[in-house]
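Structure first, commentary second.
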Amino acid sequence: MAITSDVLVVGGGLAGITAALSTAREGADVRLVSHKQSTLQQASGLVDALGYVPPTDTGSDPGETPTAGRTGVRDRPDPEGPLADPFGAIDRLPVDHPYRLVGADALREGLELFDETVAGYRGAHTDRNALVPTFGGTVKPTARYPAATAAGLASDDRPMLVVGFRSLTEFDARQVAERLSAAGVPFPVTGAEVAFPAAFRDDAKITRFARALDLDEPVDGTPARRALADAVAPHLDAADGGAARVGFPAFLGDDAAPAVRAELADRLGVNVFEIPTGPPSLPGLRLADRLYEALDAAGVRYETGVPVVGRELADGGGDATGGHVDTLLVDRKGTRVPYAADAVVLATGGLVGKGIDSDRDGVYEPVLGCHVPHPAERYEWYVDDAFGDQPYARFGVRADERLRPLDADGEVQFPNVRVAGATLGGADVAREKSASGVSLATGLVAGREAAAEAAR
Amino acid sequence: MTRTTDVLVVGGGSTGCGIARDVAMRGVDVTLVEKGNLTHGTTGRMHGLLHSGGRYAVSDQASARECVEENFVLRDIATHCVEETGGLFVKRPEDTEAYFEEKLEGCRACDIPAEVLSAAEAREREPYLATDIDRAIAVPDAAIDPFRLCVANAAAAENYGGEVVTHAEVTDVLVEAGEVVGVEVRHGDGPRKASTDVGSTERITADHVVNATGAWAGQLGAMAGVDIEVRPSKGVMTVMNTRQVDTVVNRCQPKGDADIVVPHETACILGTTDEEVDDPEDYPEERWEVDLMVEELAELVPILREARTLRSFWGVRPLYEPPGTGTEDPTDITRDFFLLDHADRDGLPGMTSIVGGKLTTYRMMAEDIVDHVCGKLGVRAGCRTADEPLPGSEDVGDLHERMDEFGLRSPVSRRSAQRLGSRTETVLDTPGPNPTVCNCEAVTRAEVRDAIDDAGRDLNAVRLRTRAAMGTCQGGFCCHRLAAELEPDFTAEEARASLDELYQERWKGQRHALWGEQLSQAMLNHMLHATTMNRDGDPARLDGDVAFGEFDDGTGTPASEAAGESTVADGGPGAGTTGEGDGWR
Ligand SMILES: Cc1cc2nc3c(=O)[nH]c(=O)nc-3n(C[C@H](O)[C@H](O)[C@H](O)COP(=O)(O)OP(=O)(O)OC[C@H]3O[C@@H](n4cnc5c(N)ncnc54)[C@H](O)[C@@H]3O)c2cc1C
Ligand SMILES: Cc1cc2nc3c(=O)[nH]c(=O)nc-3n(C[C@H](O)[C@H](O)[C@H](O)COP(=O)(O)OP(=O)(O)OC[C@H]3O[C@@H](n4cnc5c(N)ncnc54)[C@H](O)[C@@H]3O)c2cc1C
């Protein structure tokens, strides 16, 4: 017997969860299945909507991306941005961009859904982007940011101190401060590298620091939070005029993060904020926790650790390359369990998590077999400049305005499927700074559409 | 600017570095100039096989004898550059018995220790060999690290009073009264470069010029007005993510592309092809070459078919043949080296060129040419390069115990120790924490800092010295960490420029293997560097100024949540700021 629901969402990243919340909000009965952890464990926890319109010469046919885009690094044209208004520039994105399919209003609604369901985020009070400091020493436009990041905004003119730790190699605080100054930030900023805490092993992971702070474990006899404040305090005056806020690598606690920040702010007498770093990323993990709490609160049933490994089409079309998807086969500890649904949301992610996969012969979508346009010649998947207009960055399933996947001829391939998030092609989310926004906007529309499809 | 030296060596590959060391050890004044960094040429793009001679045992026995002799010398003097892997010539059913026998006899004739193994015995050594192989010959092939080898030779030359000047391109060979009297170099930017040098030109006069520019020898010859017929031939090598084999695995067949796998540190390198090209610096890098590598070698080691390819790179062999030989197929051109005495050959005294050869025999080649040059200069001192160990190669025995001494976890220490040889203690004994900077290759801060001391802000040079950024992530997770180590010796702007150079160079190598895992990794790296760090949109580098005032400054959030006033717990329902409450929870 198949496990049934009106809508089945495949993928437990930001897009899948948004789609599930959106479906539930329409009153449909929804289930979510996901294989592994999503890319949130690697992500910064920032919710970018649209920060730049990068220069592109992507033609309308993604299967024929010209190698002519192979410009050298020096010739790289500037992008348009950083954009203070993420909505206004959507019309200037390529026509097949997911934002162009679903429109600026879908982005607004997606952000609203996020604001209403996810705790601990800021930025909803304005339509404007915020500029946040990154661990690369740049500032980056983003639409929503964790409360832990709030005191770090670059449009706030209070003097800033950035601290780094000698045993963490991810960044050097002095370099970050110098780079921020070079970006022209409207406040004095200094960096200090602090030796703390001697008791930790040289290769302690960021999660190890977070746990010590969560539990306020004694380090060398002093409770961790106090020891950390003591190590940083002498550097406060180094900032011109005295720092009013201090940025730390994002390790200030996990479960007890607000309390950790509060205590540090209290002891130091200044605001405290976090600068997100690379994987494993606590702000990303915290966001994942908040999202799963939101699923619980909305009563959505979900299972993780269960990959979808096959599909069955109506009319028994086993080998067919398109049609109505009746059943998905889910691998539960080695057994293939059928899940039946009226509508399916495919939100299995992009190249990072292999929701879009490739081999030497081509690029494909492994779960349903959705068409993924790409140049036949593998050497046209990239250009020479690492930060250039990379064709591979836009790989993914193409969809119509209702987010139904399209086949090679531009016809709807699976009528009861909706595609969301990084599985969709056409965006270069990294250069645009649009990753989470695309997931929210398309997740919202896909969920709503799937609910309507199921009701049909 | 001018300077004078007795012997001027052009080229900082294995040949040039070996020559510089040999000259310096004979007490003669020597200066080496190299247009890029050390190993910039073929030496930095070779397969890393320390030949036992087995590969040439049938076709070119003179080379085979030289190889086996030098193989044993290098094991002694360059312990820290060599990994004694052993090698196998594996016969598949479709390879002929006759050739197998010829190979075996050839090895014996050249004094290459060779032992026949049954299929079962061979698979006991290398469990991933194909199940249908016939048998194999075991020979003393080994893996050699060309980067460490060159750096060690250059260090030795300097220890003996020589000078090594990198990022100095010879732009002209000075000929006066029918004799070569020196060269003109143009100084570029690079590590160990005084800023006053950059962009300047300098005349270096010398009693004798040695042209050790490998595939570029013809270009240097042209500057002196002599013809040197180098026939550059390219070959591809493909780096796999793990060490699928621990032994060098060769196919036992007469000749062919894609017939050898060499294990290196944590990876394996497949090779190679042989295609003549016109220009050693500008030749096509073709996809079929990479595909061929994997397809062919999977016949010997089937799991290669499923394995993850990290990157591919190409190198150009500086093959030479005397005028008039006219060999059609580059695989038939001899691997031997040639000493061209331009006084005899072209009536142009003052310069000698050395072309062809192999890395394995670099020391012997150097000995030959330095004997020749010393003859010209009337210097009597003999060659001692085979007797004295290279810097860092003495006493590797007790390295494993040092591990604990430095409080390092085993894989890190073991690998650091292998990389650093006897310098381990000096390098790792640093004040302050010594965290791992590159996780894939387990390179610690002390090693990175040591390399920076030597190489300056050129992170590609740091990478070559330490192997940092050479592992599975291809630098995605550690390029920026390496750049962070440039503080405080370099400005943040310099560190940024170095990071960009390193990141772009790592990208260049990955592109040829951009599918599957590697494409997935590339996207992850792209997300980390462009999304999280916004390195591509850094306002400091874009033309316009940022209107900071137009962005959210945090004001306007409800009072209790205003920027930074996070002394209230920020979890819990309703923390969203729409004010409509938490209807959705
Ligand atoms: C390094 C990094 C940094 C980032 N930084 C930011 C940032 O600063 N700002 C920002 O806005 N965004 C950022 N992002 C982007 C963001 O985290 C998401 O990647 C993006 O929103 C896409 O989400 P998704 O839900 O479509 O895909 P994913 O997060 O990839 O989720 C896909 C899910 O589908 C599951 N799945 C895959 N195949 C199957 C299957 N067969 N069966 C069942 N489940 C399956 C996966 O296990 C996974 O849980 C970053 C991402 C990365 C990788
Ligand atoms: C694909 C391939 C695989 C190989 N595998 C092996 C192997 O496994 N084992 C082995 O023993 N051998 C191998 N070899 C051969 C070996 O790599 C070479 O023989 C050896 O590295 C040549 O060293 P070299 O110093 O002569 O030349 P190079 O390393 O090319 O050095 C010449 C140097 O001269 C410099 N130069 C050029 N012009 C100028 C100028 N105008 N001014 C200043 N400097 C200049 C260049 O930048 C370069 O660094 C391989 C070769 C190839 C191509």
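From first to last, the protein sequence lines are chains G and B.
Residue numbers for the first sequence follow the numbering used here, beginning at 1 and rising by one.
Residue numbers for the second sequence follow the numbering used here, beginning at 1001 and rising by one.
Just so it is clear, CB atoms sit at the ideal spot from N, CA and C, and this is done for glycine as well.
Rounded to whole angstroms, what's the CA-CA distance from residue i to residue j? Just pull it up for me.
{"i": "G/Ser436", "j": "G/Val337", "result": "31 Å"}
{"i": "B/Val1185", "j": "B/Thr1531", "result": "43 Å"}
{"i": "B/Ala1109", "j": "B/Cys1067", "result": "13 Å"}
{"i": "B/Asp1473", "j": "B/Leu1514", "result": "The identity of residue 1473 of chain B in the sequence shown is Cys, whereas the question assumes Asp. Their Cα atoms are separated by approximately 13 Å."}
{"i": "G/Pro223", "j": "G/Val352", "result": "39 Å"}
{"i": "G/Pro77", "j": "B/Arg1045", "result": "32 Å"}
{"i": "G/Arg179", "j": "B/Gly1509", "result": "28 Å"}
{"i": "G/Ala262", "j": "G/Ser5", "result": "44 Å"}
{"i": "B/Gln1061", "j": "G/Val372", "result": "54 Å"}
{"i": "G/Val330", "j": "G/Gly323", "result": "19 Å"}
{"i": "B/Asp1095", "j": "G/Gly426", "result": "50 Å"}
{"i": "G/Ala340", "j": "G/Arg25", "result": "21 Å"}
{"i": "B/Leu1482", "j": "G/Phe196", "result": "21 Å"}
Verify the CB distance criterion: does residue i have a CB-CB separation below 8 Å to chain B?
{"i": "G/Pro391", "result": "no"}
{"i": "G/Asn416", "result": "no"}
{"i": "G/Asp458", "result": "Outside the shown range of chain G, which is 1 to 456, sits residue 458 of chain G, and nothing can be said about it."}
{"i": "G/Glu178", "result": "yes"}
{"i": "G/Arg225", "result": "no"}
{"i": "G/His371", "result": "no"}
Give a yes or no on whether the minimum CB-CB distance between residue i and chain G is below 8 Å.
{"i": "B/Ala1468", "result": "no"}
{"i": "B/Pro1435", "result": "yes"}
{"i": "B/Asp1450", "result": "no"}
{"i": "B/Asn1460", "result": "no"}
{"i": "B/Phe1477", "result": "yes"}
{"i": "B/Gln1504", "result": "yes"}
{"i": "B/Met1351", "result": "no"}
{"i": "B/Thr1531", "result": "yes"}
{"i": "B/Gly1554", "result": "yes"}
{"i": "B/Asp1344", "result": "no"}
{"i": "B/Met1240", "result": "no"}
Assuming residue i and residue j form a contact by the criterion Cβ under 8 Å, report the distance between their Cβ atoms to the nearest whole angstrom.
{"i": "B/Ala1157", "j": "B/Arg1021", "result": "5 Å"}
{"i": "G/Val162", "j": "G/Val118", "result": "In fact, because the Cβ distance is near 27 Å, the residues do not count as touching under 8 Å."}
{"i": "G/Gly51", "j": "G/Gly81", "result": "6 Å"}
{"i": "G/His374", "j": "G/Gly362", "result": "7 Å"}
{"i": "G/Gly350", "j": "G/Ala422", "result": "3 Å"}
Mind checking who residue i pairs with in its DSSP beta bridge?
{"i": "B/His1526", "result": "Answer is none; B/His1526 lacks a bridge partner."}
{"i": "B/Asn1211", "result": "B/Val1010, B/Ser1353"}
{"i": "G/Val33", "result": "G/Val10, G/Glu303"}
Would DSSP call residue i helix, strand or coil?
{"i": "G/His235", "result": "helix"}
{"i": "G/Val7", "result": "strand"}
{"i": "B/Pro1318", "result": "strand"}
{"i": "G/Gly310", "result": "strand"}
{"i": "G/Val429", "result": "helix"}
{"i": "B/Ile1452", "result": "helix"}
{"i": "G/Gly51", "result": "coil"}
{"i": "B/Cys1438", "result": "strand"}
{"i": "B/Arg1535", "result": "coil"}
{"i": "B/Lys1091", "result": "strand"}
{"i": "B/Thr1015", "result": "helix"}
{"i": "G/Thr222", "result": "strand"}
{"i": "B/Asp1398", "result": "In this prediction, B/Asp1398 scores a pLDDT of 36, lower than 50, which makes its location untrustworthy; the coordinate-derived value is nonetheless stated afterwards. Note: B/Asp1398 maps to coil in three-state DSSP."}
{"i": "B/Arg1243", "result": "coil"}
{"i": "B/Cys1268", "result": "strand"}
{"i": "B/Gly1178", "result": "coil"}
{"i": "G/Arg336", "result": "strand"}
{"i": "G/Tyr121", "result": "strand"}
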